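What follows is one structure encoded as structure tokens, with my remarks underneath.
There are 2 protein chains.
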Amino acid sequence: MFIIGELLNGMYKEVGEAIKKKDKSVIQRIAKEQVARGAGALDLNCGPVSKDPVQDMQWLIQAVQEAVDIPLSLDSTKANVIAEGLKLVKNKAIINSTSADAEKLEILVPLAIQYNASLIGLTLDKKGVPQDKDRRLELAARIVADCQEKGFPVENLYIDPIVLPVNVAQNQARDVLEVLREFKIISDPPPKTVVGLSNVSQGTCNRSIINRTFLAMAIGAGLDAAILDPLDKELMNVLITSELILNKQIYCDSYLDAYRKK
Amino acid sequence: MFIIGELLNGMYKEVGEAIKKKDKSVIQRIAKEQVARGAGALDLNCGPVSKDPVQDMQWLIQAVQEAVDIPLSLDSTKANVIAEGLKLVKNKAIINSTSADAEKLEILVPLAIQYNASLIGLTLDKKGVPQDKDRRLELAARIVADCQEKGFPVENLYIDPIVLPVNVAQNQARDVLEVLREFKIISDPPPKTVVGLSNVSQGTCNRSIINRTFLAMAIGAGLDAAILDPLDKELMNVLITSELILNKQIYCDSYLDAYRKK
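Read top to bottom, the protein sequences are chains A and B. So the mapping is simple: this note's numbering equals the position in the first sequence, first residue as 1, plus 350. So the mapping is simple: this note's numbering equals the position in the second sequence, first residue as 1, plus 350.
Rendered as structure tokens:
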């Protein structure tokens, strides 16, 4: 399970203020904490209020790279923020994200090829977020076909079915779990899958248990990667236990500690 | 999700002693507690050391029925213990269990028809517990076919793929999760599915988290029923949350409390 730490996002007050004040110490502490708790990559998002997102993203990348040497996920809806950010990333980069719209694929797939980056493809287009499973599958297939045409290796593509909050779109979580399996039959080799986990509990009163229950279900459905909070210890315990159950790590009585010492 | 409370089992010291001493108060307290925490049926098992299992099962049934009015799962490998027990069950009965062996099916399927009972069918025969998914599917198909031939409604059949402890048969949990889905394509209408949940963590040091993580994964794979400990509050929280995620109950902020007040 590939863990992308979600906490370096300007929508969190502490991070948003640190980006505004260019306070590296806060950013670097959060970067190190996430890596220490098992993140294999860090998502970087300047947040909705950034006035100069290109400059903010570049500052964020540099601040993080001074503290940790780990793949970085450049999270922006603006292609130029990603393009300018990629120039600075030293380790592997993840482009987060393209939609299924041709004009985004036109820019971002070649960038992913140029930088040998991974690419997250959202099952989304100008018509909005799908309301059912078939539409998610259709949009995923469109992204996969576009990557194949352009020569981008599908193994480096992560399809994100877009998890919606259970309190506003309760009928869709089941579709997401089912479609995670179905993405695997789009192509051979299949695309990988990723979710933005915390979305599932957005606005609910029991965030952690909803996150961790949905995570276990999604890992059971074959999920490859998740953008999540690695500092949520209970969540990480469920993630580690899910991998144990699926025989992805060897059992020992202290398997939770053993995982963390790796 | 149909919850069968597992605690009235003679292998637990307190229950074993109560059966031996014919102490109804212990049995009735445990029966009431399980029902209060959400059990929809109670499993009754005299345990391995019972010297007169027919008499012990009959005493257990009567003791429980004085305290609660709920379906009872008669849990014994001995067909005569089940046959004699069925005579006393007032509410719905569940026969736990038949194997795929013809001589067990010969006795237990007609009994299930006679008493309008549900039947748990283990994917097991004289050759032992299957080591892979295909063998589980084969044995399940044999049980389903036998029920169809004898005129027992497959909707009242619960196939149990036999969950093994993750510390001794780590490669099998994934097979069990996959085969839970595949059982559903054996027949139309499909059989229901059940697991003896606590087996997955037998002998491990982190029983509760292994149980609840596996439960979420199994519910995600379409599990219909589980024999489990309804007094494990964290486990029940995961069960309730899994149902919420699958849209089987309406979201409200206090959905955990709302479920328990039902």
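Positions of the beta carbon are idealized from the N, C-alpha and C atoms, including for glycine. Please read these numbers as outputs of a predicted model, since none were measured by experiment.
Check, Outcome
"Is the beta carbon of N441/B closer than 8 Å to that of L424/B?", "no"
"Along chain A, which residues have their Cβ under 9 Å away from the Cβ of S592/B?", "T563, F564, A566 and M567"
"Roughly how many angstroms lie between the CA atoms of M407/B and L394/B, to the nearest whole one?", "7 Å"
"Please state whether DSSP places L472/A in a helix, a strand or coil.", "strand"
"V550/A and P580/A look like a contact to me (Cβ under 8 Å); what is the Cβ gap, rounded to whole Å?", "Rounded, the Cβ-Cβ distance is 17 Å, inconsistent with contact."
"Would you say R524/B lies against chain A (beta-carbon separation less than 8 Å)?", "yes"
"A571/B versus chain A: which residues are under 7 Å apart at the beta carbon?", "G570"
"Quick check on DSSP: helix, strand or coil for N430/A?", "helix"
"In terms of DSSP beta bridges, what is S423/B paired with?", "D393/B and I444/B"
"Please list, in chain order, the residues of the stretch 576-602 of chain A that have any C-beta partner in chain B closer than 7 Å.", "N587, V588, T591, S592, L594, I595, L596, N597 and Y601"
"At the level of alpha carbons, what is the spacing between E434/B and R492/B?", "26 Å"
"Using a Cβ cut-off of 8 Å (strictly closer), state whether T554/A contacts chain B.", "yes"
"Of all the options I600/B, A568/B, G366/B and E416/B, which has the alpha carbon lying nearest to the alpha carbon of R531/B?", "A568/B"
"Just confirm the distance between the C-beta atoms of V529/B and P511/B, as a whole number of angstroms; I'd bet it's less than 8 Å.", "5 Å"
"Return the first residue and the last residue of the beta strand (DSSP E) that T543/B is part of.", "K542 to G546"
"Are the CB atoms of D482/B and D538/B within a distance shorter than 8 Å?", "no"
"Leaving aside the five residues before and after Q498/A along the sequence, list all residues of the same chain whose C-beta is less than 8 Å from its C-beta, in chain order.", "V504 and S537"
"Taking the Cβ atom as the reference point for each residue, do Q520/B and Y601/A lie within a distance shorter than 8 Å?", "yes"
"Cβ closer than 7 Å: which chain A residues qualify as neighbours of V516/B?", "L594, I595 and Y601"
"Shorter than 8 Å from the beta carbon of N521/B to some beta carbon of chain A?", "yes"
"Are the stretch 588-607 of chain B and the stretch 376-385 of chain B in contact at 8 Å, needing three or more beta carbon pairs?", "no"
"Would L527/A pass as an interface residue toward chain B - the criterion being a Cβ-Cβ separation below 8 Å?", "yes"
"Residues of chain B with CB under 8 Å from L394/A, in chain order?", "Going along chain B, no residue has its Cβ under 8 Å from L394/A, so there is no contact; the nearest lies around 29 Å."
"Could you pull the start and end residues of the beta strand (DSSP E) that N359/A belongs to?", "F352 to N359"
"Please report the straight-line C-alpha distance between T427/A and S447/A, rounded to a whole angstrom.", "7 Å"
"Of the residues N561/B, L358/B and G397/B, which one's Cα is nearest the Cα of E584/B?", "N561/B"
"Which value, in whole angstroms, describes the spacing of the CA atoms of S548/A and Q464/A?", "31 Å"
"Look at the Cβ atom of L489/B, then the Cβ atom of A429/B, and state whether they are nearer than 8 Å.", "no"
"Could you spell out where the beta strand (DSSP E) holding Y508/A opens and where it closes?", "L507 to D510"
"I'd like to know if L606/A contacts chain B, where contact means its C-beta is closer than 8 Å to some C-beta of that chain.", "yes"
"Taking all protein chains shown into account, do 16 or more other C-beta atoms lie within 10 angstroms of the C-beta of E416/A, making it buried, or fewer, making it exposed?", "exposed"
"From this set, L472/B, F533/B and F352/B, which residue's C-alpha is nearest V513/B's C-alpha?", "L472/B"
"At 4 residues or longer, and completely inside the stretch 560-610 of chain A: list those alpha helix (DSSP H) runs for me, N to C.", "583-595"
"Cutting at 7 Å between CB atoms, please list the residues of its own chain near W409/B, excluding the five before and the five after it.", "K372"
"Assuming K542/A contacts L507/A (C-beta within less than 8 Å), just tell me the rounded distance between them.", "7 Å"
"Would V404/B and V439/B qualify as a contact pair, given that the criterion is a beta-carbon distance under 8 Å?", "no"
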